[in-house]
Amino acid sequence: MLDIVYKYQGLLENIDSYIDDSKFKKEYLIERLGVSRATFYNKVKKKNFTVDEMVILSNILFPEEAKAFEIKEALRASREDSKNGRIRDHKDVMGDVRKKLRA
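Read in order, the letters of the sequence shown are residues 294 to 396 in the numbering used here.
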């Protein structure tokens, strides 16, 4: 658990560099975070983004890692569903897909 805290701390300490090195304009990040310009720059300077804000920034700044995490979580959820008997027959799933495509 402590390693997670240290990794988060490192991410927060370097967030200004990650933002500066990214291909995204700061205005885009400000818009996505839903904060004012002044608030954004204060948060960068003081390195005091909330956890929710860090999740938003991480998804934007590290899209490959975000996608890999999303896939990993989907696989974990599907394994859990399978383990708990929450499964559907392939034929039923394909039938539902065909209905949606026709609509």
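Every residue gets a Cβ at the ideal spot worked out from N, C-alpha and C, and that includes glycine.
Proximity to residue i [Cα-Cα], best of the options
i: Met347; options: Asp296, Lys393 and Lys300; result: Lys300
i: Pro356; options: Lys336, Glu306, Glu320 and Ser315; result: Ser315
i: Val337; options: Lys392, Gly303 and Asn307; result: Asn307
i: Val298; options: Val344, Met387, Arg379 and Ala361; result: Val344
Cα-Cα separation, residue i to residue j
i: Asp382; j: Ser375; result: 12 angstroms
i: Leu295; j: Glu358; result: 21 angstroms
i: Leu326; j: Ala370; result: 28 angstroms
i: Asp389; j: Ile380; result: 14 angstroms
i: Glu366; j: Thr332; result: 32 angstroms
i: Lys392; j: Ser329; result: 45 angstroms
i: Asn335; j: Lys360; result: 29 angstroms
Under 8 angstroms between C-beta atoms of residue i and residue j
i: Leu350; j: Phe342; result: yes
i: Ile312; j: Lys319; result: yes
i: Leu368; j: Lys340; result: no
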